[in-house]
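Undergrad: Here you go, one structure.
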Amino acid sequence: MATIPPLPSRDDVLRMARNTTDMTGQLLDTAGNITRIALNTFDPRDGSGAEMLRVLRRTTAELAEASASPQAQEAFYRIVDTLTRLGTSGAPLAVHPVSEPAQALLAALGDSLLPVLDAVEPAVEEFATALGELVEAASPLLPAGAGLAAGVLLALTPVLRSAAEVLRDGTPELRRIADALTSAVAPLIPLQVSLAERAATAGAGVVRAALPPLADLTEAAAATGKAARPALVAGEELLVSGLEQLQPLLLSGAGRAGRVVRAAAVRVSAAVSPSAEPGVVVTVAAG
Numbered sequence: 001m002a003t004i005p006p007l008p009s010r011d012d013v014l015r016m017a018r019n020t021t022d023m024t025g026q027l028l029d030t031a032g033n034i035t036r037i038a039l040n041t042f043d044p045r046d047g048s049g050a051e052m053l054r055v056l057r058r059t060t061a062e063l064a065e066a067s068a069s070p071q072a073q074e075a076f077y078r079i080v081d082t083l084t085r086l087g088t089s090g091a092p093l094a095v096h097p098v099s100e101p102a103q104a105l106l107a108a109l110g111d112s113l114l115p116v117l118d119a120v121e122p123a124v125e126e127f128a129t130a131l132g133e134l135v136e137a138a139s140p141l142l143p144a145g146a147g148l149a150a151g152v153l154l155a156l157t158p159v160l161r162s163a164a165e166v167l168r169d170g171t172p173e174l175r176r177i178a179d180a181l182t183s184a185v186a187p188l189i190p191l192q193v194s195l196a197e198r199a200a201t202a203g204a205g206v207v208r209a210a211l212p213p214l215a216d217l218t219e220a221a222a223a224t225g226k227a228a229r230p231a232l233v234a235g236e237e238l239l240v241s242g243l244e245q246l247q248p249l250l251l252s253g254a255g256r257a258g259r260v261v262r263a264a265a266v267r268v269s270a271a272v273s274p275s276a277e278p279g280v281v282v283t284v285a286a287g
């Protein structure tokens, strides 16, 4: 027979009532703080709410005006048209019989490359980290590179414009060249296809025959590499120690070359300066 649980004592009832009252007070305080923040934000007497609403209305109006301009509408239309043409031209290729060999090749490569990708993942991560550090270190050179690229583009612009005009003027001749090439190549396509099939068959036989010797050669090379590992490590240590010994000489040579170049630059600047007296000949000596 189940026992009847005892009734809560007076202290338990008082403690539950006190906890309930405290939790209710905390909830009311939180709701009051949220209400106060909302009123302060949107209160027109303060100015912050009105300013935020004014900025929001102005931003919305500017966005609507910019998107309604003919330039924006033309850009949107061109983007949608390009995406539509890409979709309509690329979708049939996915189900075309021509794509079946490519899909089979990609599936085979994917199945065989997964272990390779898992093996090289740490090296790729380290390479990406090193590349990021290199880009960060070379960031001061980016403005100079951007300026050089802009100069090259400006220099190439007339050439490209002239080439476009020449091609535009020679459209009939280009069409004749294309028609002649098409008529000359079209009869050769069946022959090329048959030759490609024969070459593929022969190449597959060669690969099948060469795979076992290649595997044996790879195993032998791996065994040789394991045996020669101490010699390779010793050679690397010798190379590193040689570089460490050459480092002071290289640094001193670079410093000396820098001083010579700076001195030559100062003398050349003095020679070509407008304030230089006429008849004074300045010689540049590197030493």
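Residue numbers (full-length UniProt numbering): 1 to 287.
Backbone N, C-alpha and C define an ideal beta-carbon position, used for all residues, glycine too.
Give me the Cβ distance between LEU167 and LEU156, rounded to the nearest whole Å; I'm assuming they're in contact under 8 Å.
TA: Their Cβ separation, rounded to whole angstroms, is 16 Å, which puts LEU167 and LEU156 out of contact at 8 Å.
Undergrad: State the Cα-Cα distance for the pair ALA184 and THR129, rounded to the nearest angstrom.
TA: Rounded to the nearest angstrom, the two C-alpha atoms are 52 Å apart.
Undergrad: Please list the terminal residues of the continuous alpha helix (DSSP H) segment that includes SER194.
TA: 188-227 is the extent of the alpha helix (DSSP H) around SER194.
Undergrad: Tell me whether ALA138 sits in a helix, a strand or coil according to DSSP, three-state version.
TA: Coil at ALA138, not helix or strand.
Undergrad: Given VAL272, which residues of its chain have a CB within under 7 Å of its CB, disregarding the five upstream and five downstream residues?
TA: Excluding residues within five positions, none has a Cβ falling inside 7 Å.
Undergrad: Just the C-alpha distance for SER139 and ALA150, rounded to the nearest angstrom, thanks.
TA: So the alpha carbons of these two residues sit roughly 17 Å apart.
Undergrad: In whole angstroms, give me the CA-to-CA distance for ALA221 and GLU236.
TA: Spanning the two alpha carbons is a distance of roughly 20 Å.
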